[in-house]
Structures are given as C-alpha cells and as structure tokens.
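Counting from 1 along the sequence shown, just add 863 to a position and that's the residue number in the working numbering.
Have a look at the structure below before the remarks.
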Amino acid sequence: MSEEQRTCLECNEPIKGRADKKFCSDGCRNAYNNREFRDVNNLIRNTNRVLSKNRKILVEMNPTGKTKTTRDILVGKGFNFDYFTSIYETKKGGRYYFCYDQGYIFLDAQSIALVKKLEDLNNH
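And the structure:
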C-alpha cells in the first residue's frame, strides 16, 4: 500500500509527520494564514485605528470627565462620528455614543457634551 505524498499548502514542499498536517513548518502556516486573512485583519486594524484616534481626541478634549465642545472642533481634530464602540440610551431618549470609556451626546446640531465612563451617566 503506497501513501499519497502530501505537500505544504504554502510552499509545496513534502510534509512529514501527522496525517492531518497541512504545512511543513510554523513559518509556512503563519505565511499562509496571514495571506488568507489579510483583508479581514486589515479591516479590523483600520477600525481599531479609527476608534483609538477617536478615543484619544475625546480624552484630550475632556480632561475633567465632563465638558462641552462643538462638532466642528472634533471634526477639525480628525474625529470620525461613524465609529464608536457602544450606545447608551437615557430614560429621556438621549443617546450617548462611546469610544470605550469616553462618550459624547449631541445637545443640538453643533453642541456636544463629552463624558467619561458609563457609570457617570447615572446622574443624568
């Protein structure tokens, strides 16, 4: 009975070892998976970059944990309103948008209140 020769999915070199092995080395396995998941990884990396930048801007603009600013100021600093990690709805129907522990709520078309931590919202 002859055994079919298995080859590495990355480099096509012969594979030795377990019958279910798909790669000849960890390096080939990593290279293959990095290429296969590149688009997904780039999406996640880019999303995290925007969220991190948004949070950094909110921290910079809100050193005391509660302040007001304007939409134009945040946009001027590079803030992207399309990216946030969660939404908190108040009993009165207001919506706080959070980038991790830093949040904001629109007071009107231009004015924005900045807050820190979800626990702080219990006072509203």
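Built from N, CA and C at the ideal position, the CB exists for glycine as well.
- Taking the Cα positions, glutamate 876 is about 7 angstroms away from cysteine 887.
- DSSP places glycine 939 in the uninterrupted alpha helix (DSSP H) bounded by 934–939.
- Assigned with DSSP and collapsed to three states, lysine 929 falls in strand.
- Taking the Cβ atoms as the reference, lysine 940 lies roughly 18 angstroms from aspartate 964, outside the contact range of under 8 angstroms.
- Beta-bridge analysis with DSSP links glutamate 952 to Arg958.
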